[in-house]
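The UniProt record's numbering numbers the first residue of the sequence shown as 1 and each following residue consecutively.
A virtual CB, placed ideally from N, CA and C, is assigned to each residue, including glycine.
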Amino acid sequence: MNDDNQLPPSNTSTLRDMPKARTLNVPDLAPSTRSQVPPLITPSSSIPLRNEDIRLCTIYRADPTDTFGIELNHHRREQFHSLSIIPGRDNERSNAELAGVKTEDRLIEINGQNIQNLIHEQVTSRIRAIKHPDPLEVLVADVPTFEYYKQQQKLIHRGLPNVKIMPANRPMHPASPAASSNRSRLTA
1 MNDDNQLPPS NTSTLRDMPK ARTLNVPDLA PSTRSQVPPL ITPSSSIPLR NEDIRLCTIY
61 RADPTDTFGI ELNHHRREQF HSLSIIPGRD NERSNAELAG VKTEDRLIEI NGQNIQNLIH
121 EQVTSRIRAI KHPDPLEVLV ADVPTFEYYK QQQKLIHRGL PNVKIMPANR PMHPASPAAS
181 SNRSRLTA
């Protein structure tokens, strides 16, 4: 299905891998002041990140035809996966958005398994293997948090004390048939 000439649209690394236009080399005629000016910014590695945003989000689908409401993006060069929110049914908020996922979140785990060293096809397969009514549980981090942990060479995982456990987008168990019929009588 995937030949060398056509990459999946969710693989955003294709934009970054495009060749750049060549320009002529022009020497810099201005005298170099780089060594004379001290750096104004201290390395961020010494500054702790105060608002770490790591979330454990549980996404349920209403039925087998429903979607999780995410698009998986693979960034080959930087070696990470990110998520984008796509609209839900009738252009409503998607299941993922209701569960706490945000566009550009970095994907860390799927259903308790770290995916950061997996190739794109393996991550895609893990998501597609989840069938209704089973949930998709994702551990995600926002961009600043992901970059901070990467720079500090620290591992993001669900056992960290600062992981926010987000409420699921739907109840864990569907309502009983009796409860459903009572509800329809009340709303009718």
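### Query
If you follow the beta strand (DSSP E) that Lys150 is part of, which residue opens it and which one closes it?
Lys150: not part of any beta strand (DSSP E); member of the alpha helix (DSSP H) spanning 143-151, first to last residue.
### Task
Throw me the rounded Cβ distance for the Leu49 and Pro144 pair, which I believe falls under 8 Å.
Yes, they are in contact, since the Cβ atoms of Leu49 and Pro144 sit about 7 Å apart, within 8 Å.
### Query
Taking DSSP as the reference, what is the three-state secondary structure of Val123?
In the three-state reduction of the DSSP assignment, Val123 falls in the helix class, which pools H, G and I.
### Message
With a threshold of 8 Å, are at least 3 pairs of Cβ atoms found where one atom belongs to the region 131-140 and the other to the region 92-106?
### Response
Because the criterion of three Cβ pairs below 8 Å is met, the region 131-140 and the region 92-106 touch.
### Query
In its own chain, which residues sit with a C-beta less than 6 Å from the C-beta of Phe80, not counting the 5 before and 5 after it?
The residues Arg106, in chain order, have a CB closer than 6 Å to that of Phe80 in the same chain once the five nearest residues on each side in sequence are set aside.
### Given Lys164 as reference, the closest of Val101, His74, Lys150 once Cα atoms are compared
Nearest C-alpha to Lys164: Val101.
### Message
Can you tell me whether Arg76 is helix, strand or coil according to DSSP?
### Response
For Arg76, the three-state secondary structure derived from DSSP is coil.
### Task
Please report the residue range of the alpha helix (DSSP H) in which Glu109 lies.
Where Glu109 is concerned, there is no enclosing alpha helix (DSSP H), although the beta strand (DSSP E) it sits in stretches over 106-110.
### Message
Tell me the rounded alpha-carbon separation between Ser94 and Phe68.
### Response
Rounded to the nearest angstrom, the two C-alpha atoms are 7 Å apart.
### Message
What does the Cβ neighbour count give for Gly88, buried or exposed, with the cut at 16 atoms within 10 Å?
### Response
Label assigned to Gly88: buried.
### Task
Please confirm whether Thr58 and Ala168 have their CB atoms less than 8 Å apart.
With respect to the 8 Å criterion, Thr58 and Ala168 are classified as neighbours on the basis of their beta carbons.
### Val123 versus Gly112, Pro133, His132, residue with shortest Cα-Cα distance
Answer by Cα proximity: Gly112.
### Buried or exposed (CB count within 10 angstroms, at least 16 for buried), Asn73
It is buried - the Cβ of Asn73 has at least 16 other Cβ atoms within 10 Å.
### Query
Secondary structure at Leu49, three-state DSSP: helix, strand or coil?
Assigned with DSSP and collapsed to three states, Leu49 falls in coil, not helix or strand.
### Task
Look at the alpha carbon of Ile41 and the alpha carbon of Glu147, and state the distance between them as a whole number of angstroms.
Annotation note: pLDDT 39 at Ile41 (below 50); position unreliable, no value reported.
### Query
Looking at C-alpha atoms only, which residue of Asp142, Ser125, Asn114, Pro133 is the closest neighbour of Gly159?
Here the closest residue by C-alpha is Asn114.
### Query
What do you reckon, are the CB atoms on His132 and Asp63 nearer than 8 Å?
In this structure, His132 places its C-beta atom within 8 Å of the C-beta atom of Asp63.
### Query
Buried or exposed: which applies to Leu155, given that a residue is buried once 16 or more other Cβ atoms fall within 10 Å of its Cβ?
Residue burial is scored here from C-beta neighbours: Leu155 has fewer than 16 other C-beta atoms within 10 angstroms and is therefore classed as exposed.
### Distance CB(Arg76)-CB(Met166) smaller than 8 Å
Result no, Cβ atoms of Arg76 and Met166 do not sit closer than 8 Å.
### Query
If we count the other Cβ atoms within 10 Å of its Cβ and call it buried at 16 or more, is Glu97 buried or exposed?
When all chains shown are included, Glu97 counts as buried.
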